[in-house]
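In the working numbering, the protein residues as written are 101 to 239.
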């Protein structure tokens, strides 16, 4: 599952280990971007506005801050009130998401906030696996 791999890279510390071992061989621009990603935080966002094919307005469920992001693909099917577990970055004044985003069922919002507040990679992975096993079968 790409989501679990993304959790391990970022929250599980694999990106940090990679940077410890390989930083000296990376071009400066790549090193700067990876360090920015390492410092980034995954958060739970509620979709509060959608411009299909262009972007979304998101409210950070932890801080209450709102962000407008450029997101051409996901915005086409996005619905107001949906919850997304994302990491955001702003480059040259344009905010986008990076890494693997996850659509979070509304009844899981409180649990995800709790996990992300005092992050433990095992709790995050257990939640995600539980989400997969609770999912309805594909038709």
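Note that beta-carbon positions come from the ideal geometry of N, C-alpha and C, so glycine has one too.
Please read these numbers as outputs of a predicted model, since none were measured by experiment.
Rounded C-alpha distance that separates residue i from residue j
| i | j | result |
| --- | --- | --- |
| residue 121 | residue 111 | 18 Å |
| residue 236 | residue 219 | Since pLDDT at residue 236 reaches only 46, below the 50 mark, its modelled position is unreliable, and the value read off the structure follows with that caveat. Cα-Cα distance, rounded: 27 Å. |
| residue 239 | residue 101 | Reliability of the predicted coordinates at residue 239 is poor, the pLDDT of 31 falling under 50, and the value obtained from them is presented with this limitation in mind. So the alpha carbons of these two residues sit roughly 20 Å apart. |
| residue 105 | residue 230 | 16 Å |
| residue 157 | residue 118 | 33 Å |
| residue 114 | residue 234 | 28 Å |
| residue 222 | residue 124 | 31 Å |
| residue 205 | residue 126 | 39 Å |
Candidates the options, of which the one nearest residue i by Cα
| i | options | result |
| --- | --- | --- |
| residue 309 | 103, 107 and 192 | Limits of the chain in this structure are 101 at one end and 239 at the other, which puts residue 309 out of reach. |
| residue 232 | 188, 181, 214 and 203 | 203 |
| residue 150 | 160, 161 and 177 | 177 |
| residue 141 | 217, 223, 228 and 226 | 217 |
| residue 107 | 182, 213, 210 and 186 | 186 |
| residue 183 | 190, 195, 116 and 162 | 162 |
| residue 145 | 206, 159 and 227 | 159 |
CB contact flag (residue i, residue j, <8 Å)
| i | j | result |
| --- | --- | --- |
| residue 169 | residue 197 | yes |
| residue 179 | residue 147 | yes |
| residue 172 | residue 201 | no |
| residue 136 | residue 103 | no |
Residue interval of the beta strand (DSSP E) (run including residue i)
| i | result |
| --- | --- |
| residue 199 | 194-204 |
| residue 216 | No beta strand (DSSP E) contains residue 216, which is instead part of the alpha helix (DSSP H) from 209-217. |
| residue 186 | 183-191 |
Min CB distance residue i to chain D below 8 Å
| i | result |
| --- | --- |
| residue 229 | Reference to chain D is not applicable here, since this structure consists of a single protein chain. |
Residues bridged to residue i (per DSSP)
| i | result |
| --- | --- |
| residue 157 | 149 and 168 |
| residue 144 | 185 |
Element boundaries [alpha helix (DSSP H), containing residue i]
| i | result |
| --- | --- |
| residue 224 | 221-234 |
| residue 101 | Premise fails: residue 101 is in no alpha helix (DSSP H) and is neither H nor E. |
| residue 116 | 114-122 |
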